[in-house]
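S.K.: Note that the numbering used here has the sequence shown beginning at 684, numbered continuously upward.
Before anything else, here's the structure in question.
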Amino acid sequence: MDTTQNQRIMQTNEHTIAIGVDVAKHKHVARAVDDRGVDLAKRMVFSNSLE
């Protein structure tokens, strides 16, 4: 990755969706935000299991 953080920010537009995932030992949490940082849905919590 040769791009800086500012260059990546400048590449976002109204069609950009950012997905963030917090990987933890027992439960993981994911959420989606638009280019302005507004949540697009409730956070999704899922367990760390093989099922």
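All residues carry an ideal CB built from backbone N, CA and C; glycine is no exception.
#1: Could you work out which residue in Arg719, Arg714 and Gly720 is closest to Phe729 when comparing CA atoms only?
#2: In three-state terms, what does DSSP make of Arg714?
#3: Hey, does Leu723 have any beta-carbon neighbour from chain B nearer than 8 Å?
#4: DSSP three-state call for Ile702: helix, strand or coil?
#5: Which partner residues of Ser730 appear in the DSSP bridge assignment?
M.R.: Straight from the coordinates:
#1: The residue given as residue 729 occupies position 46 in the sequence shown. Nearest C-alpha to Phe729: Arg714.
#2: Taking the sequence shown and counting its residues from 1, one reaches residue 714 at position 31. Strand at Arg714.
#3: In the structure shown, chain B does not exist; there is a single protein chain.
#4: Position 19 of the sequence shown, counted from the first residue, corresponds to residue 702. DSSP places Ile702 in strand when its eight states are reduced to three.
#5: Locating residue 730 in the sequence shown gives position 47, counting from the first residue. According to DSSP, which records beta bridges pairwise, Ser730 is partnered with Lys710.
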